[in-house]
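Below is one structure, written out as structure tokens, with a few remarks after it.
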Amino acid sequence: MADEDLWRMLRQTGEMPYGVGQIAALEQLLRRADAADDRHLAFAVRIQGITTYIYGGEPAKSFVVFAWCLAEFDKDPQPYHQRYAQHLLWHFKHMVNGMLSFPEVPLDRTHAVLDDMERRYREGGHSLQAVYKYRYRVADHLGDREQAEEWYRKWLTTPRDQLSDCAGCDPTTQVNHLSRTGRHDEAVALAEPVLSGRLSCTEQPQGILTALLPAYLHSGRRDEARNAHREAYRRHRGSIADLWDVSEHIEFCTLTGNEARALEIVERHLDWLDRAPSPGAAMHFAASAAAALRQVDDQTLTVHRRAFGERPAGEVTLGVLAAELAETATGIAARFDTRNGNSNQSEGIARRLAVTPVGDHLPLSASLRRRPVPTTRTATATEAVSEAVPPREVTVPEPRRSAEFVVPAEADAGELLALAEQRWSAHDRVGMRAVLAAFEERFGEAELSPRERAHRGELRAAELVDAGDLTGAVTVNRTTMAAYEELSDPARAQVVASRLGALLAQGEEPDEEAYALAHTAADFLDEHGDARQRAAAHDRLAVVLAQQARWPEALAASERAADGAGDPFLAARIALHRAHILEQLDDEDAFRAGAEQAHRLAQEAGVPELIATAALAHARVAQDPAEAVAACDESLAHAGDALLLPARVTRARALIAAQRADEAVEDFAEAVALCVERGEAGDAYLRWELATAYRVAGRLGEAAEVAEEAVTGLDRLGHQADADAARHMLAGIYQGLGEIDAALALLDRLAENLDGPDNLPHRAQVLEDAGDILYQADRDAAAGQKFAAAASAYQLAGLHLDELRARRREASAYLYANETASALRAVEATDRLAGELTAGAADEPPVIYEVSLAAETAARVLAGDEREGEALDRLAGVAHRLRSVEAFGEAAQVEILTGELLLRQGRPAEAEPVLREVLGGLPPESRPASQAAWLLARALDELGRSAEATDLRKQHGLDHDH
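Taking my numbering, the leading residue of the sequence shown gets 481, the next gets one more, and so forth.
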């Protein structure tokens, strides 16, 4: 393998995520470098290997490669060594930190490394700030409080320089120190400016957030503690190198009364203990895990432990595991004490093993309700000036209360039954029950007439329906119908038959008897019933037809019912049923009018259950999001238990449409809680929507946590397509959080799942998304590979325009990865595709756009290969074609590139008019304008017009070298 290929492999290895894969690739490359006897490459690989091993969870190996590099650097200095001198000095800090975590490494050796570090820093003229920090770390580890305070003071009072730890890691150590000394408010204050800034270190912001957990808790900042735990643990949990930090999160869960979550974290990371990055990390994880397991009430519960060495896989009870972990922790602590010559580590582990919950329980899940959700609200001053649809003040109409009445003392049985039916028809269940209670008290033992028994049977069926006993209600209605037939009262018998049909229609399977009963009753009562009976019968027929999804017939029956409804309660009920039917017929305008009518009639009737249902229907179809939210608020004000869940979900969706995502979060969280409490299906889908709300609200940490729950739930349901769609969203959330490797891992899983021929377009899109993430992260070679894979998938799917875009992006990625040969191969592919597309659809705007951008990319690749003339040929006419499809920004970039290439060819006179024209059309302070101005100034210099060039640079705020 050529040297150039080995160096390219080193660059690609550096772009890989930390972990076993990167370690394996690096060790393979190291063997090849040694075999090739390439000392420079061998040195570079080992220098890179230090961080690879540390952040990949195998820090012990970093000691070996660091010692090799240091010896090589001192023994036989080479010119290339100076390029890595700063790296070596930096890695001294890693060595000291790592050596403290291995009890087998003598303290003398650690002190010797520190002394060598100080000598080299002094000789290089560097600040000793970092040296003092690590002397503090040694003293703190040993429990020498006096020495620790002294070194802490020196560390903080010595100026920082380029060898100091980053702006996140230095404060992290300070926060730990302040928390351990009880100065929690100081710790929080110190961290605030750090967290509000930009942290790009591998260990941040999760490091400082984890350090802040005790300070947040002890200073009463519970919300901040919850949020810090969520964000930091999510970042730690994918890296075995962070096992020590994971132990801090287990302890946090124990302290806050979250035993179940602590157990979940212990079980998730238990096998890491077998391959812990260091004995120190193993010690702290084992101690925190043991303390957490002891808090679980049922110590006979088991967790699965994987096989390791001679230990077989199997279930282990919490009690047994806790004892084993405690023994592991105390055993390692004893080894540290032996090395250190004191008991400081054992004392610290004893405290960690004794941790129990402190204070009130702190809910940690982002999908649990945290506070009551208001049903009415008024816009605040802040909201009133936002772009969101403002909330409006809602006045919820009071339901019309039942008139206070006293059951007539002298009423006979028939009068009481008539009064009970009146209360029933008015949806006054309380009044009906009061009348029937009086009836039973006065006439329960009396001999009733056949008609009174039949009438009581109707009302008994109503009581059973209210109690949820539909089977019992069906039986009583059949008996009552037969009783009226014996009384030769066919009209009343058909009224009962109509109710019976509506009850039978509520079964899971279509019931032909239900339709026959309802239809016959409606026909009969059309001729023989009164107006109310006719309207009610057609309404019930409409309900039966709706249950059987016979929507046009149901609408016709509902229209006939509405024609004869004089009773306000019946009119509201009919309008509500009609609105439901119109909703299913997908006639939005008719549904909107029907829902508004039902809402108005329900308000006039004053019946809470009708108002709640009608307002909710109105909310579902309202065009104005604020109107929908207001209708939901009214629904919630009157809703019974059955409507709470749909009302919360509808309100949340309306709030999303109103761009009030933060409020929607609360409703979705309430909906998830209701769903879980009732044991209803669908919580996974609600979590998906909740995650979307968090994402829209910019609360990406919570969005990630809830989206992960949604994916797990959808997987459990076996709904792979939806689970994969949720994964795709989750990958975007991870990307927004800067968790690139987590996003890529999800996209890789998605690409594997989408392996069927029907899924090729989706697979291609996922691969392209992965390429885009890698490209944005400057991992260009890996991005090129993903774009190439995406292009192949688009090709198989027959999506050739998408294939061209992916090949173009592949070429661009390889160009920036300095892999010219691969970039040129991608250009060959784009040329072929562009020719085919132009031959078939040259005038279509999407084709013009993509073919033009492919030409620009080809020009950049050719220019990178020092073929400027060919590059210029590629750009001929491209800017004009881009303007023809209104791609003005892209056209300007092509003209700027044209000017640059002309300059590179020594043709400033031709470059000047091109650059001057494009500069005139660009926004003055934009990046393209600065680029064009700088190139134009260069052209003017080369034309001997330096004064003009100087004025142009001054005008655009440029220096000569820009």
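Note that beta-carbon positions come from the ideal geometry of N, C-alpha and C, so glycine has one too.
Note that the structure is a prediction, hence the values are computed from the model and not measured.
| Check | Outcome |
| --- | --- |
| Check whether the region 1156 to 1176 and the region 698 to 716 are in contact - that is, three or more C-beta pairs closer than 8 Å. | no |
| Could you give the uninterrupted runs of the alpha helix (DSSP H) lying entirely in the region 927 to 1012, keeping only those of 4 residues or more? | 930 to 946, 950 to 966, 970 to 984, 992 to 1008 |
| So, is the C-beta of F1267 closer than 8 Å to a C-beta in chain D? | Note that chain D does not occur in the displayed structure, where there is just one protein chain. |
| Would you say the region 789 to 806 touches the region 722 to 731, given that touching needs at least three Cβ pairs under 8 Å? | no |
| So what's G1216 in DSSP terms, helix, strand or just coil? | helix |
| Name the DSSP bridge partner or partners of E1350? | DSSP lists no partner for E1350. |
| Would the region 580 to 587 count as touching the region 812 to 822 if we require 3 or more Cβ pairs under 8 Å? | yes |
| Could you pull the DSSP bridge partners for H574 from this structure? | Looking at the DSSP assignment, H574 forms no beta bridge with any residue, so it has no partner. |
| Grouping DSSP H, G and I as helix and E and B as strand, with all else coil, what is R785? | strand |
| Check whether the region 481 to 498 and the region 642 to 653 are in contact - that is, three or more C-beta pairs closer than 8 Å. | no |
| I believe L1395 touches L1416 by the beta-carbon criterion, under 8 Å. Please report the beta-carbon distance rounded to the nearest angstrom. | 4 Å |
| Looking only at its own chain, which residues have a Cβ that is under 7 Å from the Cβ of A906, when we skip the five neighbours before and after it? | F1049 |
| So A769 and V746 are in contact, right, with Cβ under 8 Å, and what is the actual spacing, rounded? | 4 Å |
| Suppose only complete runs of 4+ residues qualify. What are the alpha helix (DSSP H) ranges in the region 1012 to 1056, listed by chain order? | 1031 to 1043 |
| For T782 and L773, what's the separation of their Cα atoms in angstroms? | 11 Å |
| Fully enclosed by the region 1237 to 1272, which alpha helix (DSSP H) runs are 4 residues long or longer? | 1240 to 1256 |
| Within a Cβ cutoff of 8 Å, which residues of the same chain sit near R1020, ignoring the five residues on either side of it in sequence? | S978, R979, G981, A982, A998, A1001, A1002 |
| Would you identify the three-state DSSP class for G494, choosing helix, strand or coil? | helix |
| Taking only the alpha-carbon atoms, compute the straight-line gap between P854 and R1196 and give it to the nearest angstrom. | Any reading at P854 is ruled out, since the residue's pLDDT is 44, under 50, leaving its predicted position unreliable. |
| Once the 5 residues before and after E484 are set aside, which same chain residues still bring their CB inside 7 Å of it? | none |
| Helix, strand or coil for Y533, going by three-state DSSP, please let me know. | helix |
| What is the residue span of the alpha helix (DSSP H) that E1444 lies within? | No answer is possible for residue 1444: it lies beyond the span of the chain, which begins at 481 and ends at 1442. |
| Could you spell out where the alpha helix (DSSP H) holding E790 opens and where it closes? | E790 -> no alpha helix (DSSP H), and no H or E assigned at all. |
| What does the alpha-carbon distance come out to for the pair A1149 and V945? | 32 Å |
| Using CA atoms only, rank isn't needed, just tell me which of R786, L608, L1399, R710 is closest to H749. | R786 |
| Report the partner residues of V796 according to the DSSP bridge assignment. | V783 |
| For the alpha helix (DSSP H) that N822 lies in, which residues bound it at each end? | N822 -> no alpha helix (DSSP H), and no H or E assigned at all. |
| I need the DSSP call for Q1385, collapsed to helix, strand or coil. | coil |
| Could you spell out the range, first to last residue, of the alpha helix (DSSP H) harbouring T1310? | 1300 to 1321 |
| Using only CA atoms, which one of Y498, A941, A996 lies nearest to R958? | A941 |
| Is DSSP giving P852 helix, strand or coil here? | Low confidence applies to P852: its pLDDT is 45, below 50, so where it sits in the model is not reliable, and the reading given next is rough at best. Three-state result, P852: coil. |
| With 16 other CB atoms within 10 Å as the buried threshold, where does E992 fall? | exposed |
| Which one of G1178, L1240, A1082 has the shortest CA to CA distance from L1217? | G1178 |
| Considering only residues of the same chain and omitting the five flanking positions on each side of Q1215, which have a CB-CB separation below 7 Å? | A1223, I1253 |
| Nearest-angstrom Cα distance between H1118 and D892? | 35 Å |
| Only counting the same chain, and skipping five residues up and downstream in sequence, which positions put a Cβ closer than 7 Å to that of S676? | none |
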